[in-house]
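Residue numbers (UniProt numbering): 1 to 179. By construction, the Cβ of each residue, glycine as well, lies at the ideal position given by its N, Cα and C atoms. Since this is a predicted model, take the numbers as computed values, not measurements.
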């Protein structure tokens with residue numbers, strides 16, 4: 001079973017902790033030094049992969065943008081209807097990439113799959129395809145939730161901090177009564 005260190009870091013656990021974690025379909029491209037060009041390429045790849053995930057009829061698709069300059073810049077998470085859909089959909093996305101999007105500088109690893117969770121690593125975009133049960137169990141959506149604007153828990157914390165700041169601003173030590 002192959003598992004890269006990035007996926008283990010995402011899960012916050014050791015490489016040997018899970019037997020359900022998928023084997024990876026790895027695609028590694030040559031790194032470009034031009035960050036603007038890399039960002040444009042990552043966005044184009046994201047658009048194409050997102051369209052292909054939708055075309056394969058995966059459900060509950062979520063795209064997460066990471067906040068680092070390093071790869072991966074994006075994660076695509078999606079649910080399959082069953083294990084057969086998971087396997088065939090993963091193979092079709094990989095085949096579509098090989099036939100339509102791959103450049104000469106990109107290499108492919110062997111195709112190995114899990115029954116519950118498949119990962120396609122395209123360097124700047126990582127696609128996680130799950131069974132519904134497996135996605136609920138690992139809850140990567142919550143782990144990688146980005147930004148207070150969309151995260152209920154972060155919004156609650158921000159409201160409490162704002163209330164505390166208002167209370168501190170209203171408190172004037174010159175008018176305070178010492179008992």
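Query: If we count the other Cβ atoms within 10 Å of its Cβ and call it buried at 16 or more, is residue 56 buried or exposed?; Result: buried
Query: Taking the alpha-carbon positions, what's the residue 81 to residue 97 distance?; Result: 22 Å
Query: DSSP three-state label for residue 165, please.; Result: helix
Query: Using the rule of at least 16 other Cβ atoms within 10 Å of the residue's Cβ for burial, across every protein chain shown, is residue 121 buried or exposed?; Result: buried
Query: DSSP state of residue 30, grouped into three classes?; Result: Legend: pLDDT at residue 30 = 41, less than 50; position of this residue unreliable, value from coordinates given subsequently. Here residue 30 sits in coil by DSSP.
Query: Could you tell me which of 61, 116, 119 sits nearest to residue 47, measuring between CA atoms?; Result: 61
Query: In whole angstroms, what separates the C-alpha of residue 45 from that of residue 116?; Result: 25 Å
Query: Here's the rule: buried if 16 or more other CB atoms are within 10 angstroms of the residue's CB, otherwise exposed. What is residue 73?; Result: buried
Query: Could you work out which residue in 123, 118, 143 is closest to residue 230 when comparing CA atoms only?; Result: The requested residue 230 does not occur in the structure, where the chain is confined to residues 1 to 179.
Query: Once DSSP output is grouped into helix, strand and coil, what is the label at residue 123?; Result: coil
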